[in-house]
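What follows is one structure encoded as structure tokens, with my remarks underneath.
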Amino acid sequence: MILVTGATGNVGGAVVSALRAAGADMRLAVRSPTPGKAEETAFDFTDPRTWDEAFAGVQSLFLVRPPAIGNVKRDLLPAVAAARDSGVEHVVFLSLQGAERNKVVPHATVEKWLRMSGLSWTFMRASFFHQNLSTIHAGDVRDRNNILVPAGRGATAFVDANDVGAAAAVALLHPDEHVNRAWTLTGPRALTYGQVAGILTTELGRPIHYRRPGVLRYARHARKVLGMEWGMVGVTIAIYTAARLGLAAGLTDEVSTVLGRDPVDFAEFAHRERDIWAPAARHSPVDVPET
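Going by the numbering used here, the first residue of the sequence shown is number 6, and it counts up by one from there.
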């Protein structure tokens with residue numbers, strides 16, 4: 006049995022789709038199960054009353070840190086320890102590119118704990134998702150023709166969340182081939198946000214601007230306009246600062262290694278999702294980034 010946390014998110018949803026296509030025995034950990042959906046189970050990292058039923062009979066766990074959880078030692082790792090004590094043997098963790106070097110992000114704390122936990126693990130160190138442009142930053146592009154992030158002229162090796170989810174599913178289905186491996190998953194090329202704006206301009210047929218805002222302007226915008234909690238504002242500033250310093254541009258071929266195909270390019274993603282940035286889509290839901 007495989008337990009999938011974050012099952013309703015961009016990556017978790019892709020994991021679920023891949024596991025379902027493979028006919029895997031899985032359980033979806035969600036806050037509020039849908040009546041009649043037997044594969045869903047109520048789960049909350051901070052509520053021990055939900056743990057026993059969720060972990061019963063589970064051998065492998067897909068672990069996603071909810072964006073609202075900043076203190077992972079207090080609010081996430083006790084649940085993972087309970088999973089281990091219930092018989093979970095392997096954890097596939099959705100981590101972050103460069104987490105082994107960036108000790109500020111909570112992903113680094115989770116990685117360190119897993120290495121010492123007695124569990125076998127696989128780290129999916131994803132670069133920044135294409136989907137963050139079509140979720141949390143969708144309104145900026147759609148309604149303001151603008152990308153407002155403090156990444157300067159730094160490039161980012163964007164990756165499609167669907168590719169990350171598919172790779173995670175492979176590690177869940179074949180854990181013996183991925184035990185104690187850290188995969189850094191990127192797209193095929195690193196792009197500056199100026200280049201991203203250019204791709205969106207071409208795809209959407211209207212000018213999309215990127216004017217390299219500073220950290221303070223971004224923080225105010227993220228809090229007041231995007232509705233981020235301060236903890237998430239801090240995490241995303243760390244991510245964008247890494248990009249500004251040239252630390253997010255590293256490319257790998259590990260999506261191809263795991264999946265046996267090329268990763269999705271941002272231009273392909275922009276074409277696939279172009280309707281999200283159309284003015285008529287202004288009432289579509291906006292998600293918080295998963296990284």
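C-beta: ideal position from N, C-alpha, C; glycine also.
{"Item": "Whole-Å CB distance - I74 paired with F50, under 8 angstroms assumed", "Value": "6 angstroms"}
{"Item": "Within the stretch 71 to 154, ranges of the beta strand (DSSP E) (whole runs, at least 3 residues)", "Value": "95 to 101 and 125 to 131"}
{"Item": "From W56, M129, L205 and V20, residue whose alpha carbon lies closest to that of H142", "Value": "L205"}
{"Item": "Three or more C-beta pairs below 8 angstroms linking the stretch 258 to 276 and the stretch 109 to 126", "Value": "no"}
{"Item": "Simplified DSSP state of F50, which is helix, strand or coil", "Value": "coil"}
{"Item": "Exposure label - T39; buried when at least 16 CB within 10 Å", "Value": "exposed"}
{"Item": "Opposing strand residues paired with G34 [DSSP bridges]", "Value": "Looking at the sequence provided, one finds Ala at residue 34 rather than Gly. Note: A34 sits in a beta bridge opposite T46."}
{"Item": "Closest Cα partner of S65 within the set D168, G239, Y223 and V175", "Value": "V175"}
{"Item": "Given R130 as reference, the closest of M233, G123 and L256 once Cα atoms are compared", "Value": "L256"}
{"Item": "Nearest neighbour of D258, chosen from T189, L153 and G103 [CA to CA]", "Value": "T189"}
{"Item": "Beta carbon of G11 nearer than 7 angstroms to that of V69", "Value": "yes"}
{"Item": "Alpha-carbon to alpha-carbon, G210 and L138", "Value": "17 angstroms"}
{"Item": "Sequence-distant residues of the same chain with beta carbon closer than 6 angstroms to L24, five excluded per side", "Value": "M31 and A174"}
{"Item": "Touching by the beta-carbon criterion (3+ pairs, under 8 angstroms), the stretch 189 to 198 and the stretch 43 to 60", "Value": "no"}
{"Item": "Selection from F48, A27 and A29 that minimises the alpha carbon distance to V35", "Value": "F48"}
{"Item": "Sequence-distant residues of its chain with Cβ nearer than 7 angstroms to E208 (five each side left out)", "Value": "A275, H276 and R279"}
{"Item": "Backbone CA spacing between D148 and G92 [nearest angstrom]", "Value": "49 angstroms"}
{"Item": "Opposing strand residues paired with A160 [DSSP bridges]", "Value": "T197"}
{"Item": "Buried or exposed by the 16-neighbour rule on C-beta atoms within 10 Å, applied to P180", "Value": "buried"}
{"Item": "Sequence-distant residues of the same chain with beta carbon closer than 6 angstroms to V20, five excluded per side", "Value": "V9, F67, G170, A173 and A174"}
{"Item": "Pairwise C-alpha distance: A283 and K229", "Value": "23 angstroms"}
{"Item": "CB-CB length for A160 against F134, believed under 8 angstroms", "Value": "No, A160 and F134 are not in contact; Cβ-Cβ is about 15 angstroms, not under 8 angstroms."}
{"Item": "C-beta atoms of I152 and Y223 nearer than 7 angstroms", "Value": "no"}
{"Item": "Selected residue, minimal CA-CA separation from V260, among P212, A202 and D168", "Value": "D168"}
{"Item": "R158 classed as buried or exposed, judged by whether at least 16 other C-beta atoms fall within 10 angstroms", "Value": "exposed"}
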